[in-house]
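Numbering (this note's numbering), first residue to last: 173 to 350.
No residue lacks a Cβ here, since even glycine has one placed at the ideal position from N, Cα and C.
The structure appears right after this line, and notes come after that.
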């Protein structure tokens, strides 16, 4: 026999001061905290009014995510320990070791002119020198393009470091059995 428990009710929101544009400050209700890559966001319920039926005006709450601590201040004597917190997932060991990676693929910056041998430069997708809106090349296509006469690989973005070993072989530098 299994016992079913009703879901836990949402914790009661706690008061929090929110800094509004125009140097205004209002006491709102803090519903949740969320960790993001560049800090924290807080879900706050700002007091407001809305029109009800007929001529009625009803109290309401406008919920919005704001940056902490830039847009919030604590209320003295209030505990924030029970506020639900959403943390970023821990990065995998591979991601921790490798760090951030660039988007995959390469793009071709064509040189001017016509005919064979007009050349160009192969860049990584995120390179500052890469042309905007150029189609993204797969590894196979980037290698084909890189072997055309007059085409070079950008050394600023790492396209040369990534593609040269594949084009010229990985054994370069290991001839003596090192």
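Of the other Cβ atoms in all chains shown, 16 or more fall within 10 Å of the Cβ of residue 214; this residue is therefore buried. In the structure shown, residue 334 adopts helical secondary structure according to DSSP, grouped into three states. DSSP places residue 230 inside the beta strand (DSSP E), whose first and last residues are 229-240. Secondary structure of residue 268 (DSSP, three-state): helix. Counting along the chain, residue 215 sits inside the beta strand (DSSP E) bounded by residues 211-223. For residue 187, the closest C-alpha among the options 193, 295, 201 is that of 201.
Between residue 205 and residue 247 a beta carbon distance of about 15 Å is seen, past the 8 Å cut, so the two are scored as non-contacting. The way I'd put it, the region 288-302 does touch the region 323-337; three or more beta-carbon pairs between them come closer than 8 Å.
Around the CB of residue 311, fewer than 16 other CB atoms lie within 10 Å, so the residue is classed as exposed. Beta bridge pairing from DSSP links residue 278 with 296, 309. Between residue 245 and residue 189, the beta carbon gap of about 4 Å places them in contact (Cβ cut-off 8 Å).
DSSP lists no beta-bridge partner residue for residue 302. In the three-state scheme derived from DSSP, where H, G and I count as helix and E and B as strand, residue 192 is classed as strand. Taken atom to atom, the span from the alpha-carbon of residue 323 to that of residue 303 is near 15 Å. By the neighbour-count criterion, in which a residue is buried when 16 or more other Cβ atoms sit within 10 angstroms of its Cβ, residue 216 is buried.
Here residue 329 is not near residue 305, since their CB atoms are 8 Å or more apart.
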